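All residue numbers for the sequence shown refer to our numbering, where the first residue is 709 and numbers rise by one.
Heads up, the beta-carbon is just placed ideally off N, CA and C, and yes, glycines get one too.
Keep in mind the model is a prediction, meaning the values are calculated, not measured.
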Amino acid sequence: MLKSPMTSNAVLLAGFALVTALLLAGTHIGTREQIALAERQAAEKALLEIIPQHRHSNDLLVDTLPVPTDFWQALGLTNGGEIHVARQNGNVEAMIVP
């Protein structure tokens with residue numbers, strides 16, 4: 709049996725922390741795919757506002773090129789970025805530069 713109120717409170721607090729951590733971990737694991745899908749849909753929607761779907765036949769989030777480091781400063785980039793390429797039947801129709 710526990711000898712002091714301080715020990716019992718510490719055990720109770722540790723149990724509460726463990727249950728809370730397990731709930732947070734379960735929530736994270738259970739929602740990470742939904743969050744990733746929502747982030748992808750939001751990014752795709754933003755790109756489609758610039759270049760509508762009827763102007764290209766590829767996935768703008770997949771067909772990308774890295775921004776050359778020589779242009780980072782001119783574009784205000786510190787960690788690089790991606791140029792999104794819009795293609796129609798394999799031909800480049802447009803590019804979205806950050």
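Cβ-Cβ distance between residue 783 and residue 806 below 8 Å: If you number the sequence shown from 1, residue 783 lands on position 75. If you number the sequence shown from 1, residue 806 lands on position 98. Cβ atoms of residue 783 and residue 806: closer than 8 Å.
Whole-Å CB distance - residue 765 paired with residue 796, under 8 Å assumed: In the sequence shown, counting from the first residue as 1, residue 765 sits at position 57. In the sequence shown, counting from the first residue as 1, residue 796 sits at position 88. Contact holds; Cβ gap of about 5 Å.
Nearest-angstrom Cα separation, counted from residue 791 out to residue 801: Taking the sequence shown and counting its residues from 1, one reaches residue 801 at position 93. Taking the sequence shown and counting its residues from 1, one reaches residue 791 at position 83. Approximately 13 Å, taken between the alpha carbons.
Distance between residue 750 and residue 763 (C-alpha atoms, nearest Å): Residue 763 sits at position 55 when you count from the first residue of the sequence shown. Residue 750 sits at position 42 when you count from the first residue of the sequence shown. Looking at the two C-alpha atoms, the distance is approximately 19 Å.
Start and end residues, beta strand (DSSP E) containing residue 791: Locating residue 791 in the sequence shown gives position 83, where the first residue counts as 1. Residues 790–796.
Beta-carbon spacing of residue 804, residue 745 below 8 Å: Numbered from 1 along the sequence shown, position 96 holds the residue referred to as residue 804. Numbered from 1 along the sequence shown, position 37 holds the residue referred to as residue 745. Cβ distance not < 8 Å, so residue 804 and residue 745 don't count as in contact.
Residue 806 (DSSP reduced to helix, strand or coil): Counting from 1 along the sequence shown, the entry for residue 806 is found at position 98. Coil.
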